[in-house]
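S.K.: Got a structure for you, written out below as structure tokens; questions coming shortly.
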Amino acid sequence: MLSTQQDKLVIEGAYALNGSVKVSGAKNSVLKIMGACILSASKFELRNVPQLSDVRVMTEVLRHIGLVVEQQDDVMFIDATHISRTDAPYELVSKMRASFIVLGALLGRCHEAKVSLPGGCSIGKRGVDLHIKGLQMLGAEINLNQGYAEAVASRLEGKEILLDTPSVGATENIMLAAVLAEGSTVISNAAQEPEIVDLANFLNAMGADISGAGTNEIIINGVRQQDLHGATYTIVPDRIEAATYMIAAAGTEGNVILENIIPGHLNSVIRKLEDVGAEIITEGPNTLRVIGTGKLEAQNIVTQPYPGFPTDLQAPFMALLTIANGVSIITETLYENRFKQIGELNRMGAQVQQEGDIAVVTGVPKLTGAQVKASDLRAGAALVIAGLQAEGTTEIFELSHIDRGYECLVEKLTGIGARISRVPAELTGIADTTPATN
Ligand code: UD1
């Protein structure tokens, strides 16, 4: 079902979405939890695992290291009893920067690792300096050599680590290495994303001693290798996927129920959707209904680390604001190059102007279908939303980006009444030009 890169999506827009969508497990959670399995010579069962191309890349990384990984539907079995090598090569890490997480885990278990630097990506330069500095503070010796981080640590020792910025990846990498360090590590100005909490909960389920995850100070009391053991664990729902469908419901005057969500993870988005004019109704502890009232008002949005408005929803929300009444101002504070959807949205009749890290969105009455291409994962999601809102036919190319983060997108959208189909590569005649990305 996962695609080649030349497929295209065809959307007949301007139909209201109606029905229920079951949200999948969180991509940004499962990738790190898979990496965490490296820490212990044990067997793990992960549930609510989405079938995504990013999960496949992480599977390849773990298999390269020597782990046995099998996925059956949404259940993944990982046997981390044997590790045969401690490197992660460029060919894999450059496909997905989240795989850099194995650096901390390998250092913890094997005291050595050689992991390719992920490099820049299409949404910005995205350094790993905070990961490296944090691991060095725990006692690792790290040399950057020919595009690789080569790390050794005869012993890791807990430290107080203050992050310059609350980086999700750095918090996770340091947390993983600190699990088996001697003594306590305190990460201050830590990232507070729900995926960090999920990783900490998983680590605790396998015998680690972590508290404070979800606040800006995380305390990791080091444990011994023999204290760690296997675990069965269910991945949290994907708040970004959930929000993408919520935004699409709002933009199509739809009436959509989201199942298998944690509403508390979506507070900033719920607030903005209500401000725009959508109605959000709590239907149960894990269920929300979103009703697009047809009245959309311009909003100002500033992306922030959690619990602020997520950068991953900046592009999808922009697609909604293109048809809101008035002028919206969107400020992207995390990534310097995350406005790549603008040119494509404007091809569909939107009026968006970029000035540095600010996008000015002048609402138009309607978008019209066009041929567009996804430049990265969330820009791709924005184009899907725009296509659902637009009159006429939208064709979206370079779907490999969208496949990284949206499980069964076509099936889920068709299930709520969207007129969307995927045309396979052999019928499109389009050559693959997609570069590797974030
Ligand atoms: C994760 C998410 C991504 C999300 C991002 C911010 C995964 C797989 N990806 O990415 O979807 O958009 O959080 O919520 O979980 N930075 C540095 N030096 C570092 C690390 C980060 O300068 O060593 C900067 C980055 O350039 C960026 C900011 O810190 O401006 C936040 O990045 P970070 O939180 O680390 O994002 P990721 O973990 O890469």
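Here our numbering is used: position 278 in the sequence shown is 279, and no number is missing along the way.
Backbone N, C-alpha and C define an ideal beta-carbon position, used for all residues, glycine too.
As the structure is a computational prediction, the values presented were derived from the model and not from experiment.
For the ligand SAM, I want to know if R127 counts as a neighbour, meaning its beta carbon is within less than 7 Å of at least one of the ligand's heavy atoms.
M.R.: The ligand SAM is not part of the structure shown, which contains the ligand UD1 as its ligands.
S.K.: Check whether the Cβ atoms of V24 and E242 lie closer than 8 Å to each other.
M.R.: yes
S.K.: Is P239 near the ligand UD1, judged by its Cβ being under 7 Å from some heavy atom?
M.R.: Here residue 239 is Asp; the residue named in the question, Pro, does not match the sequence. No.
S.K.: Cβ of R98 versus every heavy atom of the ligand UD1: is any distance shorter than 7 Å?
M.R.: yes
S.K.: Between the alpha carbons of A232 and P119, how many angstroms are there, rounded?
M.R.: Approximately 29 Å, taken between the alpha carbons.
S.K.: Just the C-alpha distance for N205 and G350, rounded to the nearest angstrom, thanks.
M.R.: If you take the alpha carbons of N205 and G350, they lie about 50 Å apart.
S.K.: Flag this pair as touching only if the stretch 336-347 and the stretch 264-280 have three or more C-beta atom pairs under 8 Å; answer yes or no.
M.R.: Contact fails: fewer than three Cβ-Cβ distances are below 8 Å.
S.K.: Between V22, G67, A99, which lies nearest to D440 when the distance is taken from Cα to Cα?
M.R.: Nothing about residue 440 can be read from this structure; the chain reaches only from 2 to 439.
S.K.: Is the distance from the Cβ of D8 to the Cβ of V424 below 8 Å?
M.R.: yes
S.K.: Are there three or more Cβ pairs, one per stretch, closer than 8 Å when the stretch 397-411 is compared with the stretch 365-377?
M.R.: yes
S.K.: Between T235, T186, G213, G105, which lies nearest to M77 when the distance is taken from Cα to Cα?
M.R.: T235
S.K.: Is any heavy atom of the ligand UD1 found at a distance shorter than 7 Å from the C-beta of H402?
M.R.: no
S.K.: Using a Cβ-based criterion (distance less than 7 Å to any ligand heavy atom), does S168 qualify as near the ligand UD1?
M.R.: yes
S.K.: For L322 and F45, what's the separation of their Cα atoms in angstroms?
M.R.: 43 Å
S.K.: Could you check the C-alpha separation between A191 and Y336 for me, to the nearest Å?
M.R.: 18 Å
S.K.: Which residues mark the beginning and the end of the beta strand (DSSP E) in which Y91 is found?
M.R.: Y91 -> not in any beta strand (DSSP E); alpha helix (DSSP H) instead, spanning 91-94.
S.K.: The ligand UD1 and T60: does the residue's C-beta get closer than 7 Å to at least one heavy atom of that ligand?
M.R.: no
S.K.: Identify which residue in G109, A114, H83, E194 has its Cα closest to the Cα of G309.
M.R.: Checked all of G109, A114, H83, E194; the closest Cα to G309 is E194.
S.K.: Among S30, E427, T82, which has the Cα closest to the Cα of Q227?
M.R.: T82
S.K.: Going by beta carbon distance, what residues of the same chain come within less than 8 Å of A437, once the five residues before and after it are set aside?
M.R.: Unreliable placement is indicated for A437, whose pLDDT of 43 sits below 50; no coordinate value is reported for it.
S.K.: Taking Cβ positions, are I263 and V291 nearer each other than 8 Å?
M.R.: no
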